[in-house]
Amino acid sequence: MAGAARLARGSVVALAMGASALVAFGAQAAQANEKVEIAALAFVSSAPLFIAKEKGYLADEGLDAEISIFQAAQPVAVAIASGDADFGVTAFTGGFFNLAAKGALKVIGAQLHEDPGYDGSAILASNAAFDAGLTSVDKLPGHSFALSQVGSSFHYMIGNVAEKAGFDPESVSLKPLQSVPNMIGALKSGQVDSMIIVPHIAKPLANAGAAHIIGWVKDYVPYQVGGLFTSTENVEENREMVEKFVRAYQKGVADYRAALLATDADGKLVESDTTQEILEIVHKYVYANDPADKAYPKIRDGAMFITEEAKLDVADVKAQVKWYQDRGFVSADADPAKFIDTSFIPALTE
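Heads up: the sequence shown runs through residues -29 to -1, 1 to 321, numbered per mature numbering (1 follows the signal peptide of the UniProt record, and there is no 0).
Next up, the structure:
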């Protein structure tokens, strides 16, 4: 009988231990975050993503996020379409719109926006071209212009700047160089005469005497430069995950705006209570190899406008698609209404 009692007690203990193990395993499973891959450029305009990751907003939503850095906008779109990444933020391009038109991508929010109230992309002239007379935008005809690819956002910007400035876009010689680093190198060495680039790159180049700023895109083309996007598959089959990501991204946008876009009554940028914290976060991804005293001013100067809550200027995106279509860079049947999804974030304009 005693042996039977000991056996019974042993069985109870074993069952209890087994139950405890199951509870522990269940707790670990509950804590295991869903993996998401993010594609972006190491630009200040990608800062809301960096903030969302580093401040734990993505983790709080149960998402284990990894950020991969790319050298041009088009590969970011390809990464989402191919399933190599779940989310991306970057500039709109002709290639992006073509992929989206095939049903691979959904635009669900906004990235940066060229706004007259904030410094945006600068129009640069090389030192050699500037010394030879390229001192203003209206003198661009007859000069070369660096861009990543034909049909890129750089192409869109120079085309619209030319039209607004009153000269023929065909009078500028386009030089596709495949990546932003290649563009910068070509301008600094005088292999190309001009380019357009975001302020956190343009201002340091000018301040270092490596190029000259001759104009600003915002004065010619206020527009929705880029967006937040995901795959159509994610929207249709994993909507809850997309909703979680959007909430984290919007918190990152709110922190970005509060820290880097705060202005005084005269519209002048001012430092807020969170500016230094956000600069420290962004520095992990942008100018990461520079010491803080050099990187922070460049990041601060490079903070472009992002709309509140990342609301997308849908009307402007539609206008961009038409511009690319009119020039043969985007298929005629591309319909923005089919690849823009405003169910996650209300639109700024329709």
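The C-beta atom is built at its ideal place from N, Cα and C for all residues, glycine as well.
Inter-residue Cα distance where the pair is K146 and K159: 15 Å
Whether L95 touches A36 by CB criterion (8 Å): no
Rounded distance between the beta-carbons of S115 and T64, thought under 8 Å: T64 to S115, Cβ: 20 Å. No contact.
Bridge partner(s) assigned by DSSP for M166: L95 and A117
Proximity below 8 Å, CB of A263 to CB of S243: no
Contact set for L12: own chain, Cβ-Cβ below 8 Å, skip 5 residues either direction: Closer than 8 Å at Cβ, skipping near neighbours: I40, F41, Q42, A43, A44, V47, T61 and V151.
Identified DSSP bridge partners for S144: S115
DSSP bridge partner residues for D287 (one or two, in chain order): DSSP, once it has assigned bridges, lists no residue as partnering D287.
Among K26, S202 and A93, the one whose alpha carbon lies nearest that of A56: S202
Endpoints, alpha helix (DSSP H) assigned at K222: R210 to L231
Same chain only: Cβ atoms within 6 Å of V7, ignoring 5 sequence neighbours per side: If we look at V7 and ignore the five residues flanking it on each side, its Cβ neighbours are L34, A36 and D57.
Coarse secondary structure for S124, derived from DSSP in three states: Here S124 sits in helix by DSSP.
For E248 and V192, the rounded distance between their alpha carbons: In this structure, the CA atom of V192 is about 32 Å from the CA atom of E248.
One or two residues paired with A81 in a DSSP bridge: G198
C-alpha distance - I22 paired with E141, whole-angstrom precision: Rounded to the nearest angstrom, the two C-alpha atoms are 41 Å apart.
Integer-rounded CB distance, given that V169 should sit under 8 Å from S107: Not confirmed; about 21 Å, so no contact.
Proximity below 8 Å, CB of Q221 to CB of A281: yes
According to DSSP, residues forming a beta bridge with F276: According to DSSP, F276 bridges with nothing at all.
Candidates L20, K26, R228 and A81: closest to P317 by CA position: A81
Close-in-space but distant-in-sequence residues of the same chain around Y28 (CB under 7 Å, 5 per side omitted): Listed in chain order, the non-local C-beta contacts of Y28 below 7 Å within the same chain comprise A219, K222 and G223, local neighbours out to five positions each way being set aside.
Per DSSP, the bridge partner or partners of E8: Checking the DSSP bridge columns, you'll see E8 partnered with E37.
Cβ shell of A72 (< 8 Å), same chain only, five flanking positions each side left out: V301, S302, D304, A305, D306, K309 and F310
Beta-carbon proximity list for K289, same chain, < 6 Å, skipping 5 on both sides: P307
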